[in-house]
Structures are given as structure tokens and as C-alpha cells.
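So the structure is just underneath, and the comments pick up after that.
There are 2 protein chains.
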Amino acid sequence: MAQKIKLSTIADALGVSTATVSLALRDSPLVAEATKERIKAHARQMGYIYNRRAASLRTSKSGIIGVVVHDIMNPFYGEILKAIETELDRSRHTFLLSNHYDNVEKQRDFLDTLLQLGADGVIMSPAIGTPLDDIDLVLRNGLPVVLIARSIPRARLPVFRGDDAFGTGLATKHLISLGHKRIAMIGGTDDTSTGRDRFQGYLQAMEKAELPVKPEWRIPGPRTKQAGFEAASEFLALPDKPTAAVCWNDLVAIGMMNGIRRAGLVPGIDISITGYDDLEEAAIATPALTTVWNGQPEVGRRAARALLDRIDGVKDQSGTLELIRPELHIRQSTSPVKERN
Amino acid sequence: MAQKIKLSTIADALGVSTATVSLALRDSPLVAEATKERIKAHARQMGYIYNRRAASLRTSKSGIIGVVVHDIMNPFYGEILKAIETELDRSRHTFLLSNHYDNVEKQRDFLDTLLQLGADGVIMSPAIGTPLDDIDLVLRNGLPVVLIARSIPRARLPVFRGDDAFGTGLATKHLISLGHKRIAMIGGTDDTSTGRDRFQGYLQAMEKAELPVKPEWRIPGPRTKQAGFEAASEFLALPDKPTAAVCWNDLVAIGMMNGIRRAGLVPGIDISITGYDDLEEAAIATPALTTVWNGQPEVGRRAARALLDRIDGVKDQSGTLELIRPELHIRQSTSPVKERN
DNA sequence: CTGAAAGCGCTTACAG
DNA sequence: CTGAAAGCGCTTACAG
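Protein sequences appear in the order of chains U and Z. The first sequence runs 3 to 343 under the numbering used here. The second sequence runs 3 to 343 under the numbering used here.
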């Protein structure tokens, strides 16, 4: 590997100062056009590599934005990340990604790394049980935070997420309108705002229709395809078996449809199923999944925009809560009730 | 936000030098135990944040390892990433992730960022058409590179991937052993080593069994569920319709099974299907997918290990090619041929 | 339009 | 075991 080229190498070679080279490479109007061209050409030819650590040490801006979510392999987050990536690319920020797997320690390590690297901001879907102290530490050190998908109780932070109660309400009412009376709610946890809200939306819709809700009809827990698949047998063994299920998300719904089919029943005909999120996969599942669009691209885009605005000092909207309004997408996994004994 | 705490703040407060503080915080044996404790306690109490850019500027180590793949939303890469993450966490490296979407420019931008940040190494599944020059630039600047999943022709780099030709050979032979004679190969591109190898494995198995291969039976392109779903109708419209399909990967296979079911046929009975990769999802698809295990955890683990060894100067194994031996996992999506019409 | 100089916050020889 | 000093490679007032 050749001798390291730095600003002073170029400055010396061309007989100018490092200040001029620095300015020229960043296209400053302070440098004469001809000088600029000469410097840029030489830098290119020498294979000069800009040292961002040095610049960052001096300016205390790093161009790094951190993003932490539960698990990037979950397509729900994947779809949000794609939107964030698109926004950040446009602003030439580098984004540093991490999973916390709902492990508060792991999340804290990552936030620490961001602080050490002098990150410009962080977008996070907070781990279950994130203490306010962890957020305070970050804010005290001047790192702006924007939340996605989940809120943290009592934290004054901008948050972008869907209106979960409204969403499961839509799904539940849809099933009720198809004549279903015994409707289960499968998956999710009451440890997150999302979990509580989705369950509430279902409960309220049932109550409003004056339909009874048996405690056994709530099978909490499942959040993945695998878990949804396993929950199918539990569901099918329920006494006074429900004819429909509102699922926590599309993954659980798709897993459950697979499980139902394995048991010899036809999902969408024998049992109606709704999902949540409207992942790309929902439309090509068989039967195509009736689900609630949860605005992933909107969440990602707006969160990234809000953070960038904040970094650029455009505005400080701490405490903003933007609920994206979900939409019901009706497909083939729900159909009029067909009473079976 | 409070005054920034730095080494000298602590040094001044305790009446020692910054050198001592620096050493103490890194637990150097050069500092007396009592002094160390005093310094650490004070640092903790003051909320000191280590400035990694400053340290990195001085030491020219950053603790950052870059990882670029085609698309992290693809669970094949997701499963590899999980293994890499586990290895790197252990060594306290931060990993910087990016998708290149097979866009050479985007990949180059990312490599550039890594160079600017003084990354310690990079693990990449190179974009289609990656020029040797891009790799040379990175190597010339002292950044070690390890490849996963795909090779770059003529690049002397360690690469970790599955033995693709052997793998599709396994799948094809399995179908032949079930009596299938007309077997299609769906998806993948001949623009990557992987694509060429998988097609070759299929071809060779067919030839060895003296079965004819019609050009129409090769439907190149699909690599996602969506595309596999769409390819189903193309497949079903084939003249002299095949009774089985070797699919590029599990995503294509699962998409195709959905498409076949939509057309009123039963995948696994009417048409036998094989996947590739053995994603977690393969086992819970319905029917459960017969597929080829492609060693994602092994690929990730070994690639990370190799890079870390390289960084620690343990060894330089440029040119190593580690082919992980695939295994056939037989499930319900393949069954003895049942001639129709 | 250009240059000389200071400083960002660390770590590393070197001296004691 | 501890300290004084130099230097990593930039950028930013400031002066001209």
C-alpha cells in the first residue's frame, strides 16, 4: 500500500496551503476556479482519500445516523428501513444499523457507540422496557432521537407510527360485518404500546357490536411466521371454536394459514384470517391476505425527514406524535361466516 | 447539554496527566490500581464519553467493519448477517451495513465511505459486474476484503459460499429418482457465479440421467417470492409441461407454490417443487419445502472469523475458496411423478 | 483569492 | 508508576 495521501501532500505538491486544498475539494466559492480544478485533478490522480475522522473531530459532525430496530430480518422493519435509506441517501448521510432483539443492554451498547462516533442523530424503535434514563443520556449528549413504530411512555420525543387501535378496529369490524361472532386475537405482547393498542382496538370493536369476548380467545405471544404456524393448533383446539382470527401481524397470519391448511382446513373459507402491516408478501399469499396497511414507507420517510430537519436546525418537534392512519385491504382470506359445529 | 467532558477535564480535576487517564480507562497495567479506580469512578460519575474519532485518528484503527450485500430484506442474506453479527459482537466491532441492490455505483459509494471512516475490514457479497478496479482501490488502501455468497472472477480474495453446482445437482437427482423426466429450472441469473453454477448442476444431472432439456424449461430471472409467484403461470403454460421444477431459491419456490395453488393445482402433488437455501420459512411452508441447505450460518461465521484473523494479522488467506457442502432436505413439496393428460 | 496557525480529543513513545 | 509533548489529518477564524 502506497504512502498515505493527505491534504498536506497535495498542498506541498502544488505549492498551495492545506487550507486552500481543503476549501477547493469542498468546492468553496472562496477558491478561484482554476486553482480548484488543478487541485481536484491532482487529488483524483493521486487517489486521495478524505479522512472523515479527522474532519469529524474538527467539525463535530460525523454524517452518521444510527437506526436501531428489533430485528431487520422482520420485513415490517425492512420496509421501513428501505424508506429511511432512501431519504438518508439523498442527504448523503451514512446509516449505521443495529438490531436490539428487545435486549435493553444491546440497545444501550449501540447508543453508546453512536455517542462515541459522534453520530448526528438516531432513529429507533425502542426495545421493550427501555428506561427513560437511557434516552436522557443520549439527549443530554446532544444526540437527537426520533422514534418509530413504538412509543416510550413519558418520553418527550417525536414518534411516527400507525394508529394501532384504529387498525385492529377496522379488521375486527370487517369480520363482524361478514357475520363472524366468535373472533380470536392471536399474537402480540402487552409489553409495548403497539401491543396494548391493537388489543384495545379489537376489544372495543367487539364490545361495540355487543359480542362476547372469551379470555381463551386471546392467544398472546406470537409475532413470527413460525409462532403463528404453531399457534394454529392451539387455535383449532379452542373450546367453542372461533370462526375467525384477528392476527397480530401478517407474519403471524401467514404462519397460521399454513398451520390451518396442514390441519386439513382451508384458510379464508373455513376460518377467516386478518393480518396487519400489509407486507409485500400479503398480496401473494394464498389465499391473498386481508390485512391492515400500516404505512411502513410513510413511517420511514417521515421519521427520516423529521430527524434531518432537526439536525439542520429547521425545527424541534419533540413531543410530536404522528399517527399514520391505517387502511383495510380486503382480499381472500376473509369470507362470510360459515357456521360449523 | 452540559459542558463536554474529555480526558483533560478528568485529568485536571484529579490532578493527573491525560496520559494516565487514557491508560487507566483502558485498564492498562501501567497504572496503579488505586489511581485507576479513582479515575474510572470519576469518569463514570461525570458521564464521560469516549471520543472514538479522536482515538481512531491517532491509532488508525476504527473498530468498524463494513458489510455489503445485495439486499438485507432477503432472508438468505439476513441469516448470514445474523451469524456475522454474532461473531463481530464478540470482538466488539461495530458493523456498518449497506445494500447495493446490484448497483455498482452504490457499492462504490459505500466502499468509499468505509475508506473515509478508516474501517478495519469489509465483508461483501459483490454486486453483479463489480470491476476489479473497485476491489483494487480498496485493497491498495489497506482495507481487507472477504467475499460471501458470490465470487468475483480473477480476484484473489478469500470467498465463503456454498457449492452451488453440487447443490442443484442434489435437487435435480432427487426429482429424477422420483420418476420425473420433464424438469424445469426457474429463476436466477447467469450474471453471477452462483447463477451459472446452479444452472450447470441442474444441466449435468439431467444429462447424466440422459434426460432431454428443452430450452423453454429454463425460465431465468426470478429471485423473489413475487417473481416466483408470477413465474407460476408461465410455467403452467409451458408446452409439453414439466412435472417438476428446480427453483433458484426458497423464495421463488414458495412464490411458485402460491401461484400453482391459485391456479387450482396442488403443489407437492400435481407439481413437485424444490427450493434452495433452506430458509427458516421452508419448514413451515405448506407443503413443507424440499430444499437444499446452503449453510448460511456457516458462511457468515467463517467469513467473519477469517476477516477478524486477517485484521489481527493472524493470517492472510487471500485466494482461499471455502465451498460449504450443501445438503438436501427432503420434505413434502416433492413426490413421485403422477403423469397427467 | 490565499496562507499561517491553532485546535478538535485522543494515544504513544520517551523521559524520569 | 506518572507526566510533558508531539502528532494523527482535517477545518476555521483571522490576516493579508
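All residues carry an ideal CB built from backbone N, CA and C; glycine is no exception. Predicted model, so just to flag it, every value in this text is computed and none were measured.
Checklist line | Contact list for U:M258 against chain Z, beta-carbon separation under 8 Å | finding: Chain Z residues near U:M258: none, gap ~10 Å exceeds 8 Å.
Checklist line | Helix, strand or coil at Z:H95 [DSSP, three-state] | finding: coil
Notebook entry, point to check: What are the boundary residues of the beta strand (DSSP E) that U:E329 is part of?
Noted result: 329-331
Item checked: Z:T20 in three-state terms, based on DSSP -> helix
Notebook entry, point to check: Which class does Z:S335 belong to by DSSP, given the choice of helix, strand or coil?
Noted result: coil
Check: Where do the ends of the beta strand (DSSP E) carrying U:G68 lie?
Finding: 66-71
Notebook entry, point to check: Using a Cβ-Cβ distance under 8 Å, would Z:I51 count as near chain U?
Noted result: yes
Margin query: Please state whether the Cβ-Cβ distance between U:H44 and U:L27 is less than 8 Å.
Written below: no
Notebook entry, point to check: Where does Z:R327 land, buried or exposed, given buried means 16+ other C-beta within 10 angstroms?
Noted result: exposed
Next item on the list: List the whole-angstrom C-beta distance separating Z:L33 from Z:T20, where the pair is believed to meet the contact cut-off of C-beta under 8 Å.
Entry: A small correction: the amino acid at residue 33 of chain Z is Val; Leu does not occupy that position in the sequence shown. The pair is not a contact, with the Cβ atoms about 13 Å apart (cut-off 8 Å).
Next item on the list: Sort out for me which residues DSSP pairs U:E324 with in a bridge.
Entry: U:F162
Checklist line | Three-state class that DSSP yields for Z:A229 in the structure shown | finding: helix
Check: Run through DSSP, which three-state label would Z:M345 get?
Finding: Examination of residue 345 of chain Z is not possible in this model, given that chain Z is present from 3 through 343 alone.
Item checked: Residue range of the alpha helix (DSSP H) that includes U:M259 -> 252-264
Item checked: Which listed residue (Z:E282, Z:P222, Z:V147) has its alpha carbon closest to that of Z:G197 -> Z:P222
Note to self: Using a Cβ-Cβ distance cut-off of 8 Å, determine whether U:P299 contacts chain Z.
What the structure shows: no
Note to self: Going by DSSP, what residue range makes up the beta strand (DSSP E) through Z:R274?
What the structure shows: A small fix is needed here, since residue 274 of chain Z is Ser in this sequence, not Arg. From DSSP, the beta strand (DSSP E) with Z:S274 extends over 274-276.
Check: What does U:P269 pair with, by DSSP beta-bridge criteria?
Finding: U:I273
Next item on the list: Check whether the Cβ atoms of Z:G230 and Z:V254 lie closer than 8 Å to each other.
Entry: yes
Check: Straight-line CA distance for Z:P244 to Z:I130?
Finding: 30 Å
Notebook entry, point to check: Straight-line CA distance for U:A85 to Z:L238?
Noted result: 36 Å
Check: What does U:K227 reach in chain Z if we use C-beta pairs closer than 9 Å?
Finding: E282, E283, I286
Checklist line | CB contact below 8 Å: Z:S96 versus chain U | finding: Checking the displayed sequence, the identity of residue 96 of chain Z turns out to be Thr instead of Ser. Answer yes: the Cβ-Cβ gap between Z:T96 and chain U drops below 8 Å somewhere.
Next item on the list: Kindly say whether U:M208, judged by its beta-carbon, lies nearer than 8 Å to any beta-carbon of chain Z.
Entry: no
Notebook entry, point to check: Are the C-beta of U:S10 and some C-beta of chain Z separated by less than 8 Å?
Noted result: no
Item checked: Where U:E283 falls, given that 16 or more other Cβ within 10 Å makes a residue buried -> buried
Note to self: Let me check one thing: in DSSP terms, what residues is U:S100 bridge-paired to?
What the structure shows: U:V70
Next item on the list: Work out the CA separation of U:E300 and U:L325 for me, nearest whole Å.
Entry: 10 Å
Notebook entry, point to check: Quick one: is Z:N343 near chain U, going by C-beta distance under 8 Å?
Noted result: A caution first: Z:N343 carries a pLDDT of 39, below 50, which makes its placement in the model too unreliable to give a value.
Next item on the list: State the CB to CB distance for the pair Z:D252 and Z:L291, rounded to an integer number of angstroms; the pair is presumed to be in contact (CB under 8 Å).
Entry: 6 Å
Note to self: Helix, strand or coil, according to DSSP, for U:M187 in the structure here?
What the structure shows: strand
Notebook entry, point to check: How big is the Cα-Cα spacing for Z:I286 and Z:G203?
Noted result: 27 Å
Next item on the list: Could you give the DSSP three-state label for Z:I82: helix, strand or coil?
Entry: helix
Check: Would you say U:I273 faces chain Z, with C-beta separation under 8 Å as the test?
Finding: no
Note to self: Cutting at 8 Å between CB atoms, please list the residues of its own chain near U:E236, excluding the five before and the five after it.
What the structure shows: I221
Checklist line | Reduced DSSP category for Z:G123 - H, G, I as helix; E, B as strand; rest coil | finding: strand
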